[in-house]
Amino acid sequence: MFIPIKKHLLLILIFLLCSASSHAKINVFACEPEWASLVQILAGDQVDIFSATTALQDPHHIQARPSLIAKARRADLLICTGAELEAGWLPLLLRKSANGNILPGQTGHFMASEHVLLLEKPKLLDRSQGDVHADGNPHIHLDPHRIMRIAEALSRTLSRVDPDNQAYYQNNWSSFKESWSQAIAKWEQLGQSLRGKQIVVNHNSWVYLEDWLKLERVATLEPKPGIAPSSTHLAQVLAELKDNQADMILYASYQNDKAVRWLEQKTHIPVVTLPFTVSTDETLFEWYESIIKQLLDSK
Amino acid sequence: MRKKFLVAVTIAAISNINPVWADSEIEALRKQVEALKSDYEQRINALEQRLKQSEAKSQLAQQKVEQIADKVATNKISAAQQQNSFNPAISLTLDGRYADFDNDPDAYELPGFMLGNEAGLGEEGFSIGHTEIAISANVDNKFYGKATLAIHDHEGETETELEEAYIQTLGLGHGVTLKAGRFFSAIGYLNEQHEHAWDFADAPLIYRGLFGDQLRDDGLQVTYVAPTDTFMQIGTELLRGDRFPGGGDHDGVGAWTVFANIGGDIGIEHSWQLGLNHWRENDVDGRTSGAHSHDGGTAETPSFSGDSKISSLDLVYKWAPNGNPTSRNLKLQFEYFDRREDGSITMFNSGPPEEVSTYDGQQDGWYAQAVYQFKPHWRTGMRYDRLSSNNKGSHEDVLAEAGLDDEGHTPERYSAMLEWLPSEYSRIRLQFNRDNSYEDSDNQVFLQYTHSLGSHGSHQF
Chain A
26 MFIPIKKHLL LILIFLLCSA SSHAKINVFA CEPEWASLVQ ILAGDQVDIF
76 SATTALQDPH HIQARPSLIA KARRADLLIC TGAELEAGWL PLLLRKSANG
126 NILPGQTGHF MASEHVLLLE KPKLLDRSQG DVHADGNPHI HLDPHRIMRI
176 AEALSRTLSR VDPDNQAYYQ NNWSSFKESW SQAIAKWEQL GQSLRGKQIV
226 VNHNSWVYLE DWLKLERVAT LEPKPGIAPS STHLAQVLAE LKDNQADMIL
276 YASYQNDKAV RWLEQKTHIP VVTLPFTVST DETLFEWYES IIKQLLDSK
Chain B
93 MRKKFLVAVT IAAISNINPV WADSEIEALR KQVEALKSDY EQRINALEQR
143 LKQSEAKSQL AQQKVEQIAD KVATNKISAA QQQNSFNPAI SLTLDGRYAD
193 FDNDPDAYEL PGFMLGNEAG LGEEGFSIGH TEIAISANVD NKFYGKATLA
243 IHDHEGETET ELEEAYIQTL GLGHGVTLKA GRFFSAIGYL NEQHEHAWDF
293 ADAPLIYRGL FGDQLRDDGL QVTYVAPTDT FMQIGTELLR GDRFPGGGDH
343 DGVGAWTVFA NIGGDIGIEH SWQLGLNHWR ENDVDGRTSG AHSHDGGTAE
393 TPSFSGDSKI SSLDLVYKWA PNGNPTSRNL KLQFEYFDRR EDGSITMFNS
443 GPPEEVSTYD GQQDGWYAQA VYQFKPHWRT GMRYDRLSSN NKGSHEDVLA
493 EAGLDDEGHT PERYSAMLEW LPSEYSRIRL QFNRDNSYED SDNQVFLQYT
543 HSLGSHGSHQ F
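Line by line, the protein sequences give chains A and B. For the first sequence, the positions run 26 to 324 when the working numbering is used. For the second sequence, the positions run 93 to 553 when the working numbering is used.
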């Protein structure tokens, strides 16, 4: 009675093990949705992707939750922004998950910010200056040219993590390169009319977008990065805007909009609420598309 | 091309109506024009092609220039940082408070529990809490190391204590992590967290009663995280067992623990963790508790010897709208502990003859708390503590003197706090306790600051 059951169990187990290994996809742990989307484009169905955050979360301030530890434990490739964006939780996650594949220095540890030049590298490292990042501003995903470079490096990393599918990744990279270049050309064409537009921002999260589309930031609502707008600072911003009218106020949909709405009421400058990153049902292309569209619509 | 050919054929067909003598000449002319046309088209195409190529090349060159510029810039940065780039992460936590109590803090007791280690209310008035210096870094690609020095005042003297000093493996593989040295035990939810990460100014009563605020020891810890979608972790610790609530002088493994945690998310907004824990020391040899004297005589010190075991359960639930805790979030926390002890109680410096009793101890307690961040930088919380004990022995009077008689009282405490957190690195807290630890109810007020300097700490779940 017992032996047949055991045999069956053994067979099932062997079957499960075999089926598991034959469909062994690469597990990718992405800290932010933009990288999840990029991996999806470059690696297609060869990977299982998990994004630790959504477009409505602030990647500075999440916690090393048990669910994240479980996901990181099984990851073959970790892709994050770096530049201290995830400093509050990633080091702990890496230690707790005890996964040698994704530790710094390993092939499976990919930090996007290490492949591009960062803007706004602080000259003075002092916390009285607010939430400063020693390596520079980490919100690099808002520049498509930087995305291109990151994609190239990421494609190489994918080939190294999963050499069996090297040709596939290279192929995907080539086609991405072509379509992304075309998309950039199109966006830049559309963005011509945005050149020199004066913007007010809530947090300095749009540096790379400003740099790319040549927008001109005239005011920031946060007195220092990461420090909530104070009434004195807001009054000052309001006074400045009286003399120098701005074209729009930009803020990320996950951020608190209190100060932004206040300013809108006082100045009647249109507010543009931009999704800060790719949401679950769209691609990197669609997200850029929507940002450009919203900026153009606000004019 | 085909269209053109067709057109040419059609034209030729129509022109056939014309006199024959002109036909061949016109045909020749047409052919020449066609040839010229296609030739130019080809040339223009070729030129366009070349233009495109050179454009692409110049773009590539531009990109390369940018890349090189980037590299130069990056190199500059790293050269400037090289001096201290290998320094470990250092952080300093500053903690201070103003406390006001209705009762004399020295009269504090917890009937049914022998207090030891750091159990107590602390100083009244202004005082410095734990000033902690933590130094940590990856040692190499295999190990992480951390040491924490705590500086605090104890009975008028400034003491420096090595709070933690351990190494921990990195990426050993298969979800296994080893930790060795001095560390906070992983049993319980709050125990592993540093005091400055707690949500209240003082430890839950059950932590105070059983561990003297926190359990830490020297030893080895092994944890295993299962490769599952739901977080599952099991672990064990082999400990020296000399420190409170253990005792004696062990030359092997004096105490050990086992623990298991599971946890996960429900949707995007909810996350939870459940833990089961057990600590055991079979040979507690002379665990002493706070001495007390009778009318200025020699201080009598109660001491426990025997075996001791603690079992516990902890449950944590967190909520944040859209899973984004920055502006609003809620945290619910519950822990239950149960301790069974079997052995004897001796009153040192008593007698002669020395007062001794057999001891069969049974103590348990729990706390539940809720902390709500209602807007950015502001949090408020409530906590309720409750303990009970049923300790028996051959000499009730000895147990009573050792503080192990519950005096017919159920210790409990209500706490409420309000916090202002100007940034991630600073916190000002106002807390009120209605403390019924012993029969004289006490009202306690704390105004506390906890600030941290230096490297960015991690947010533990």
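We put the beta carbon where it would ideally sit given N, CA and C, even for glycine. On a predicted model such as this, the values are computed, not experimentally measured, just so you know.
**OP:** Compare the C-beta of B:P468 with all C-beta atoms of chain A and state if any pair is closer than 9 angstroms.
**Re:** yes
Subject >> Complete runs of the alpha helix (DSSP H) confined to the region 485-531 of chain B [at least 4 residues] >> reply: Fully enclosed alpha helix (DSSP H) runs of 4 or longer: 488-493.
Subject >> Backbone CA spacing between B:R332 and B:V314 [nearest angstrom] >> reply: Straight across, the Cα-Cα distance linking B:R332 with B:V314 is about 15 angstroms.
Original post:
When the Cα atoms are used, what is the spatial distance from A:N197 to A:L67?
Top reply: 5 angstroms
**OP:** Ignore the nearest five residues each way along the sequence and tell me which others in A:D282's own chain have a CB closer than 7 angstroms to its CB.
**Re:** Y276
Original post:
B:D489 to B:T438, Cα distance in whole Å?
Top reply: 12 angstroms
Original post:
Which two residues bound the contiguous beta strand (DSSP E) that contains B:W71?
Top reply: Within the shown structure, residues of chain B are numbered from 93 to 553, placing residue 71 of chain B beyond reach of any answer.
Original post:
Can the beta-carbon of A:F201 be found less than 9 angstroms from the beta-carbon of A:A176?
Top reply: yes
Original post:
For chain B, is any of its Cβ atoms less than 9 angstroms away from the one on A:L119?
Top reply: yes
Original post:
Helix, strand or coil for B:P394 per DSSP?
Top reply: strand
Subject >> Residue(s) in a DSSP beta bridge with A:I104 >> reply: A:A55, A:F135
Original post:
Which runs of the alpha helix (DSSP H) spanning at least 4 residues fall entirely within the region 161-194 of chain A, listed in chain order?
Top reply: 169-186
Original post:
Starting from A:R99 and walking both ways along the beta strand (DSSP E), at which residues does that stretch end?
Top reply: It is not in any beta strand (DSSP E) - A:R99 carries neither H nor E in the DSSP assignment.
Original post:
So what's B:G273 in DSSP terms, helix, strand or just coil?
Top reply: strand
Original post:
Is the distance from the Cβ of B:E511 to the Cβ of B:L297 below 9 angstroms?
Top reply: Cβ distance not < 9 angstroms, so B:E511 and B:L297 don't count as in contact.
Original post:
Which value, in whole angstroms, describes the spacing of the CA atoms of B:Y200 and B:D192?
Top reply: So the two alpha carbons sit approximately 14 angstroms from each other.
Original post:
At a CB-CB cut-off below 8 angstroms, which residues of chain B make contact with A:W205?
Top reply: What A:W205 touches in chain B: nothing, since even the nearest Cβ is about 13 angstroms away.
Subject >> B:L213 (DSSP reduced to helix, strand or coil) >> reply: If DSSP states are grouped into helix, strand and coil, B:L213 belongs with coil.
**OP:** For A:D370, count neighbouring Cβ atoms within 10 angstroms of its own Cβ and tell me buried if that reaches 16, exposed if not.
**Re:** With chain A covering 26 to 324 only, the question about residue 370 of chain A has no answer from this structure.
**OP:** Take every Cβ of the region 123-141 of chain A, pair it with every Cβ of the region 209-221 of chain A, and state whether three or more of those distances are shorter than 8 angstroms.
**Re:** Fewer than three Cβ pairs drawn from the region 123-141 of chain A and the region 209-221 of chain A lie within less than 8 angstroms of each other, which leaves the two stretches out of contact.
Original post:
Which bits of chain B does A:H86 rub up against, with CB to CB less than 7 angstroms?
Top reply: P417, T418
Original post:
Any idea which residues DSSP pairs B:I326 with across the strands?
Top reply: B:Y316, B:A352
Original post:
Can you find a C-beta in chain B that's less than 9 angstroms from the C-beta of A:W212?
Top reply: no
**OP:** Using a Cβ cut-off of 9 angstroms (strictly closer), state whether A:W312 contacts chain B.
**Re:** no
**OP:** Check A:A271 in the structure and name its three-state DSSP category.
**Re:** coil
Original post:
According to DSSP, is A:V141 helix, strand or coil?
Top reply: coil
**OP:** Using a Cβ-Cβ cut-off of less than 9 angstroms, give me the residues of the region 502-517 of chain B that come near chain A, in sequence order.
**Re:** Taking a C-beta cut-off of 9 angstroms against chain A, the contacting residues of the region 502-517 of chain B are P514, S515, E516, Y517, listed in chain order.
**OP:** Going by CA-CA distance only, name the one from B:A242, B:S228, B:N179 that's closest to B:Q260.
**Re:** B:S228
Subject >> Where A:N269 falls, given that 16 or more other Cβ within 10 Å makes a residue buried >> reply: exposed
Original post:
Along chain B, which residues have their Cβ under 9 angstroms away from the Cβ of A:A123?
Top reply: T261, L262, G263, L264, G265, H266, G267, V268, T269, T315, Y316, V317
Original post:
Is B:Q455 closer than 9 angstroms to B:D430 when the C-beta atoms are compared?
Top reply: B:Q455 sits close to B:D430, with the two beta carbons spaced by under 9 angstroms.
**OP:** Could you work out which residue in B:G435, B:T240, B:G338 is closest to B:G208 when comparing CA atoms only?
**Re:** B:G338
**OP:** Residues of the region 331-357 of chain B with a CB closer than 9 angstroms to any CB of chain A: list them in chain order, please.
**Re:** N353, I354, G355, G356, D357
**OP:** List the residues of chain A whose Cβ lies closer than 8 angstroms to the Cβ of B:Y200, in chain order.
**Re:** Simply none; closest approach about 35 angstroms.
Original post:
Within the 9 angstroms Cβ cut-off, does B:K410 reach chain A?
Top reply: yes
Subject >> Cross-strand partners of A:I74 (DSSP beta bridge) >> reply: A:V53
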